[in-house]
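Colleague: Structure incoming, see below.
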Amino acid sequence: MDQALLKFVNQLTEEVQVFYTSDYCYKCVYQHLATVKPSNNNASAIISTKFTLTVQVISQSMNVTLCWSQTYEEGGHYSVWIHVSEVGSNPSCTPAVDKTPNSQYLFALTVMVFVNYGGGGYSFFQHAPWN
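Numbering follows full-length UniProt numbering, in which position 116 of the sequence shown is assigned residue number 116; successive positions increment by one, without gaps.
Structure below.
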């Protein structure tokens, strides 16, 4: 619960380190999340969806740090592609949503709460008696 899957795909020719911290944590140190090997390798991690996260991708030999903040939704599957768009340019990250979270149950929960609190007085929203 309150988790999402985050996959990093490294298309660079060198290894990168991935770190994260919560945006709600003041002056907190970045925590190591994953090490992604070079040449189209990937690494996955389960992350918390309770707070917005700031993620850093660090390339040691290129001396580049890529950073972004995002709120992830519960049950979602996300990918981050680490690549160089043009020869000689700096690396960049392209985020993608692989699987959107399933939120269809929210309508059913709303109706259940509405009925449990009297259904607005409508006769067809009657609840079975409780013990």
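We put the CB at the ideal spot given by N, CA and C, even for glycine.
Have a look at C25 and G119 and give me their C-alpha separation to the nearest angstrom.
Modeller: The count along the sequence shown starts at 1 and reaches residue 25 at position 25. The count along the sequence shown starts at 1 and reaches residue 119 at position 119. C25 and G119: Cα-Cα distance of roughly 41 Å.
Colleague: Where do the ends of the beta strand (DSSP E) carrying L12 lie?
Modeller: Your numbering for residue 12 matches position 12 in the sequence shown. Note, L12: premise wrong, no beta strand (DSSP E); not H, not E.
Colleague: Pull up the CB-CB distance for E73 and A4, whole angstroms please, since I reckon it's below 8 Å.
Modeller: If you number the sequence shown from 1, residue 73 lands on position 73. If you number the sequence shown from 1, residue 4 lands on position 4. About 7 Å separates the two Cβ atoms, so the contact holds.
Colleague: Is S92 near L109, with beta carbons less than 8 Å apart?
Modeller: Taking the first residue of the sequence shown as 1, we reach residue 92 at position 92. Taking the first residue of the sequence shown as 1, we reach residue 109 at position 109. Against a cut-off of 8 Å, the Cβ pair of L109 and S92 comes out as no contact.
Colleague: Report the option in L33, G76, Y20 and V9 whose CA atom is closest to the CA atom of T100.
Modeller: By 1-based counting over the sequence shown, the position of residue 100 is 100. Closest option to T100, Cα to Cα, is G76.
Colleague: In terms of residues, what are the limits of the beta strand (DSSP E) holding S69?
Modeller: The count along the sequence shown starts at 1 and reaches residue 69 at position 69. Looking at the DSSP string, the run of the beta strand (DSSP E) that includes S69 is V64 to Q70.
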